[in-house]
Amino acid sequence: MLAEYVPILLFIIVGLGLGAVLIVAGFILGPRRPDEEKLSPYECGFEAFEDSRMRFDVRYYLVALLFIIFDLEIAFLFPWAIVLDEVGLFGVAAMGLFLVILLIGFLYEWKKGALEWE
Amino acid sequence: MIEQILFYVFAAVLIFAATMVITARNPVHAALFLVLAFFNSAVLWIIAGAEFLGIVLVLVYVGAVMVLFLFVVMMLDINLARLREGFVRHLYIGVPVAALIVVQMILVLGSGAVDPGALPDATLPIPDPAETGNTTVLGGVLYTVYVYPFELAAVILLVAIIASIMLTLRRREGVKHQDVAQQVRVRKEDRLRMARSFGGSGSTSTGRNDNEHPDR
Amino acid sequence: MTTDAFEIPNLTLALPEIWMLGVACLVLVVDLFSGDRDHTPAYWVAQLGLLSAALITVQAQWGLDVTTFDGNYVADAMAVVLKVTVLLLTFLAFAYSRDYLRERGMLRGEFYLLSLFSTLGMMVIISAHSLLVLYLGVELMSLSLYALVAMRRGSPAASEAAMKYFVLGALASGMLLYGMSMLYGATGSLDLAAITDVAAAESRLLLVFGLVFTVVGVAFKFGAVPFHMWVPDVYQGAPTAVTLFIATASKVAAVGLFIRLIGEGLEPLHGDWQNMVLLLAVASILIGNTVALVQTNIKRMLAYSTFNHIGFIFLGFVAGSAEGYGASMFYAVTYSFTVAAAFGVIMLLSRQGFEAENLEDFKGLNERSPLFALVMLLLMVSLTGIPGTVGFYAKWLVIRSVVDAGVMWAAVFAVIGAVVGAFYYLRVVRLCYFDQPEAEGGPQPSGSGGFRFVLAANGLSVLLLGLFPGALVAVCMAAFG
């Protein structure tokens, strides 16, 4: 079974290799003539004096959370799509109920205004 | 053979990454090590034959949950120095407790009472994955035999939606936004006022059009 | 394929859960579109839904003992008793907390929604017949409860309580899941009946390992000493309405969790878990009584005294017999209705901008409201376990089962614990009847007529159960007969 993953392994090797080659090529071939002004973060203006990290708004968190929930929902759809002809009408109804429950969640989300960014 | 080598390589990286998650000084680095840990456990699952779960682990945990973690890390604005303090301070209790548990586990497991070979041949509720493929097999039971837990999963997701919206959504005051429907519905009487001046100059001034304060 | 052997599940058996899911979704939609500031339509839909769900449970499941959904779901008499209890407790929680939450601006549709989903989770636990369903039920219940505790967003105490509850609850879920995975590894099945068969056939250390972790996980959910750290903070930090719900309904569900998973599922390992449970029981009674003595906040006092009662419930489990489980169930049911009424009185005395949280607030309650002073007297006397009250019968049944199991010293210890408990419960009675109120007169009972009516009925039911406990005892014993 692992043999099926050989193309993926090849792909990873080629991808990493190509990336490495390009970086190394740029490193070797590119001209480098640094001076003090060029190396400073800002050529004019102040040096940075604060942490560049800043607080995120809690709204990003809500968006990410809602994304996860529907991402999980999608994950359940993959096996269902594969076995659709085997599980019969019962399987279709099971997924139907699953989707209806989440649809109610979506309705709640929409009506509460969680999808609006103000 | 090659599977065993792969297993040990990925398991070693997994343990390393997991250790780094709890010891890394910077929370962002810890989160990135967690990504590495997820990737390696996904590979372990794939080696064990649970392809679908391995891919879902990458999709959901690496793709979505880690983004959430990073948001939380950024939202909290954690003071790194203070985070470090507690770790060292509690180390002198934590290490002996951990050592004690390890010794106890070794004593119990080393007594030979637990024999991994004696485990039952797992009476798998699903046919051999090698024949049909993991995803198909999973689907075959998930929507029939395990339909009750499956629907419960939907309800838990619904609760997650409700809880997250309840806890994080707040209406902001004083946010300026355009309401197109209200703009279209507006009538002349709401906005326009004829003002007559009683002074001697005789000039008539029209009311001014004030969009923001119609009743001023 | 396995689908050939698949049987269409018997949906009418699982009607209570399906009905509750429908009610919860209906409440969601009604509340979204009603626009009522007091959430009145949602309230009535929820209350009617809960009562009808109790009727449906009795109708659909009483007297049966069958499984469906391929062994994932079981309908039996025990499920009926516990589910009806949980549903009625949720009903009481909604009735008591409506005015309280409205006055504090916390009355939101989500309170009803999350409580209903939590109730659904409890019903799932009670009717679970496989490890997977048990775990999902626990998660459904707990997730909703975490959010409910955090409902008061502006309050640091509530946030802290929610955080502690969430972190420790997640740890407990992890323990439970770890234990369950060991059980699955040792037996190769998720089905509780199959696990029992394997456990009976051969003893294996891995099973005992799994058992240890599941006992720890269940004890966490109960809040039994020494896994009790979250309880006082959560009781105090959460809105009283939510505290009421956690203190009563979730305990009843935890009884279901214990009996399904450990009592019945791991019945062959009784010799292994008996002493663990005994230890939990004794530690709970000891710590609960000692610390409750010095509390001045009544919510914290009730929290610590909960340990005492959890200790008694665990003592009933010790015997591992039908009588023991019946006694524990009777104890849990009567205790939760008594405590629900006690929280009702706390909320009755609270008014806008004032929480009747300190024991001082109950001084001279008799002069302000003789009826509710009487209710409080009845509740406290019952919680103490004085003969003639329902609390006495519950304690007596539990102690009898312990004596039958041959653990005499535990029985003696429990009696001593009950006597110590009398001190802090009867202190409340003394405050209500014999102490003069504070200078400004103390808090007056507030609340609408419906609230007072339900509370008085709840108090009366505690009295009646004390006078005629036979019927409920018979029902509880029949559940395991």
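So the protein lines, in turn, are chains Y, H and X.
Using the working numbering, the letters of the first sequence correspond one by one to residues 365 to 482.
Using the working numbering, the letters of the second sequence correspond one by one to residues 9 to 224.
Using the working numbering, the letters of the third sequence correspond one by one to residues 15 to 495.
Built from N, CA and C at the ideal position, the CB exists for glycine as well.
*Residues in its own chain within less than 7 Å of GLY480 (chain X) by CB, not counting five upstream and five downstream?*
Here the set comprises SER396, GLY402, THR403, VAL404.
*asked:* Taking DSSP's pairing of strands, which residues face ASN372 (chain X) in a bridge?
replied: Answer by DSSP bridge pairing, in chain order: X:ASN311.
*Does the beta carbon of SER158 (chain X) come closer than 8 Å to any beta carbon on chain H?*
It does: the Cβ of SER158 (chain X) has a partner Cβ on chain H nearer than 8 Å.
*C-beta neighbour in chain A for LEU121 (chain X), strict 8 Å*: Looking at the structure shown, chain A is missing, and the protein chains on hand are Y, H and X.
*Quick one: grab the DSSP three-state call for THR264 (chain H).*
The question about residue 264 (chain H) has no answer, for chain H in this structure spans 9 to 224.
*Got a sec: is the Cβ-Cβ distance from ASP247 (chain X) to anything in chain H below 8 Å?*
For ASP247 (chain X), no Cβ of chain H is located within less than 8 Å of the residue's own Cβ.
*asked:* Check whether chain Y comes within 8 Å of LEU42 (chain X), counting only Cβ atoms and requiring the distance to be less than that.
replied: At least one chain Y Cβ lies under 8 Å of LEU42 (chain X).
*Element boundaries [alpha helix (DSSP H), containing ASP45 (chain X)]*: Where ASP45 (chain X) is concerned, the enclosing alpha helix (DSSP H) stretches over 29–48.
*How about SER264 (chain X) and GLY330 (chain X): are their beta carbons less than 8 Å apart?*
Contact annotation: SER264 (chain X) and GLY330 (chain X) have beta-carbon atoms that are not nearer than 8 Å.
*Is the beta carbon of ALA176 (chain X) less than 8 Å from the beta carbon of ALA164 (chain X)?*
For ALA176 (chain X) and ALA164 (chain X), yes; Cβs fall inside 8 Å.
_Once DSSP output is grouped into helix, strand and coil, what is the label at SER396 (chain X)?_
DSSP places SER396 (chain X) in helix when its eight states are reduced to three.
_Residues near VAL43 (chain H) by beta carbon distance below 7 Å, same chain, minus five either side_ = So the list reads VAL70, MET74, once near-sequence residues are dropped.
*the segment 252–266 of chain X contacting the segment 339–358 of chain X, beta-carbon criterion three pairs below 8 Å*: In short, these stretches touch, since the Cβ pair count reaches three.
*What's the C-alpha gap between ILE312 (chain X) and PHE413 (chain Y)?*
So the two alpha carbons sit approximately 52 Å from each other.
*Which runs of the beta strand (DSSP E) fall wholly inside the segment 86–146 of chain X and span at least 3 residues, in chain order?*
Fully enclosed beta strand (DSSP E) runs of no fewer than 3 residues occupy 87–90 of the segment 86–146 of chain X, in order along the chain.
*Segment contact, 8 Å Cβ cut-off, at least three pairs: the segment 245–265 of chain X with the segment 74–82 of chain X*: No: the two stretches stay apart, fewer than three of their Cβ pairs being nearer than 8 Å.
*Give me whichever residues DSSP pairs with ASP205 (chain X) in a beta bridge.*
The partner list for ASP205 (chain X) (beta bridge, DSSP) reads X:SER144.
*Using a Cβ-Cβ cut-off of 6 Å (strictly less than) and excluding sequence neighbours within five positions of THR131 (chain H), which residues of its own chain qualify?*
Any reading at THR131 (chain H) needs caution, since the residue's pLDDT is 49, under 50, leaving its predicted position unreliable; the model's value is listed next. Non-local C-beta neighbours of THR131 (chain H) in its own chain, meaning closer than 6 Å and more than five positions away in sequence, are absent.
*What whole-angstrom Cβ distance do THR262 (chain X) and SER350 (chain X) have, given they're in contact under 8 Å?*
The pair is a contact, with the Cβ atoms about 4 Å apart (cut-off 8 Å).
*Using 8 Å as the limit for Cβ to Cβ distance, is LYS475 (chain Y) near chain X?*
Taking 8 Å as the CB threshold, LYS475 (chain Y) lines the interface with chain X.
*Per DSSP, which residues does MET82 (chain X) bridge with? Please list them.*
Residue identity differs from the one stated: residue 82 (chain X) is Thr in this sequence, not Met. According to the DSSP secondary-structure assignment, THR82 (chain X) is paired through a beta bridge with X:TYR87.
*Have a look at GLU473 (chain Y) and ASN34 (chain H) and give me their C-alpha separation to the nearest angstrom.*
C-alpha separation (whole angstroms): 34 Å.
*Cα-Cα separation between ARG112 (chain X) and LEU121 (chain X), rounded to whole angstroms*: Here the C-alpha atom of ARG112 (chain X) lies approximately 7 Å from the C-alpha atom of LEU121 (chain X).
*Output yes if chain H places a C-beta closer than 8 Å to the C-beta of ARG51 (chain X); else output no.*
Cβ-Cβ to chain H under 8 Å: no for ARG51 (chain X).
*Neighbourhood of VAL37 (chain X) by C-beta, 6 Å cutoff - its chain only, sequence neighbours within 5 removed*: For VAL37 (chain X), same chain residues with a beta-carbon under 6 Å away, outside a window of 5 residues either side, are GLY63 in chain order.
*Tell me, to the nearest whole angstrom, how far the beta carbon of PHE105 (chain X) is from that of LEU65 (chain X); I am working on the premise that it is less than 8 Å.*
The beta carbons of PHE105 (chain X) and LEU65 (chain X) sit about 6 Å from each other, so the pair counts as a contact at 8 Å.
*Can you name the residues of chain H whose CB is closer than 9 Å to the CB of LEU128 (chain X)?*
Correct list: VAL167, ILE170, ALA171, MET174.
*Out of Y:LEU467, Y:GLU401, Y:ALA458, Y:ILE468, point me to the one whose CA is closest to VAL153 (chain H)'s CA.*
For the residues Y:LEU467, Y:GLU401, Y:ALA458, Y:ILE468, the minimum Cα distance to VAL153 (chain H) belongs to Y:ALA458.
*Partners in chain Y for LEU46 (chain X), counting only beta-carbon separations shorter than 8 Å*: Neighbours of LEU46 (chain X) on chain Y, chain order: LEU471, TYR472, LYS475, LYS476.
_Taking the beta carbon of PRO371 (chain Y) as the centre, do at least 16 other beta carbons fall within 10 Å, making it buried, or is it exposed?_
Exposed: under 16 other Cβ atoms inside 10 Å.
*With a 10 Å radius around its C-beta and 16 neighbouring C-beta atoms as the bar for buried, classify PRO240 (chain X) as buried or exposed.*
Result: exposed.
*From the DSSP output, in three-state form, read off ASN289 (chain X) for me.*
The DSSP-derived three-state label of ASN289 (chain X) is helix.
*CB HIS143 (chain X) to CB ASP50 (chain X), shorter than 8 Å?*
No, the Cβ-Cβ distance between HIS143 (chain X) and ASP50 (chain X) is not below 8 Å.
*chain Y partners of CYS446 (chain X), CB-CB under 8 Å?*
Residues of chain Y whose Cβ lies closer than 8 Å to the Cβ of CYS446 (chain X) do not exist; the shortest such Cβ separation is about 44 Å.
*If you draw a straight line from the alpha carbon of VAL167 (chain H) to that of VAL378 (chain Y), how long is it in whole angstroms?*
About 44 Å.
*Take the Cβ of TYR406 (chain Y) as the centre, count every other Cβ of all protein chains shown within 10 Å, and call the residue buried at 16 or more, exposed below.*
It is exposed - the Cβ of TYR406 (chain Y) has fewer than 16 other Cβ atoms within 10 Å.
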